[in-house]
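Student: Dumping the structure here so I can ask a few things about it.
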Amino acid sequence: MKNKDIIIGIIVGLIASSIGLLLVLLFFGKGNSVSHSLHVAINNNVFAKLVSMGALLNLAAFFLFIKTKKDAKAKGVLIATVVVAIITIIVKFV
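Every position in the sequence shown, counted from 1, becomes a number in our numbering once 103 is added.
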């Protein structure tokens, strides 16, 4: 049961990060579309900043799970946040 909750937390964390990044690209993007805004962000070296802003939804999910005493799911959200951070570092430096 605990492993299932961690996996659910990881999925929630990845979805929250994706939705957060999409919202940030829609509001702060400098392109005509989401894909163009993403391309511009990567070329201008601001992609990591946008992902960091998008990860704020993970913070909300994490504290929601902590408040409802679903610690395993909160752990999954934390794992997803670390995975997103590692991917962001790879994209930034490669």
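Note that beta-carbon positions come from the ideal geometry of N, C-alpha and C, so glycine has one too.
Mark Val154 as exposed unless 16 or more other C-beta atoms lie within 10 angstroms of its C-beta, in which case mark it buried.
Tutor: When all chains shown are included, Val154 counts as buried.
Student: Alpha helix (DSSP H) containing Lys105: first to last residue?
Tutor: 105-131 is the span of the alpha helix (DSSP H), which, as asked, contains Lys105.
Student: Ala151 to Lys195, Cα distance in whole Å?
Tutor: C-alpha separation (whole angstroms): 7 Å.
Student: In chain order, what residues of the same chain have a beta carbon less than 7 Å from the beta carbon of Lys178, not counting five sequence neighbours either side?
Tutor: Taken in chain order, the residues that qualify are Ile109, Gly112.
Student: Using a Cβ-Cβ cutoff of less than 8 Å, which residues in the same chain neighbour Ser120 once the five nearest sequence positions on both sides are dropped?
Tutor: Taken in chain order, the residues that qualify are Val154, Gly157, Ala158, Leu160, Asn161, Ala183, Thr184, Val187.
Student: Contact check, Ser140 vs Leu124 under 8 Å by CB: the rounded distance?
Tutor: With 8 Å as the limit, Ser140 and Leu124 do not qualify as a contact, their Cβ atoms being about 10 Å apart.
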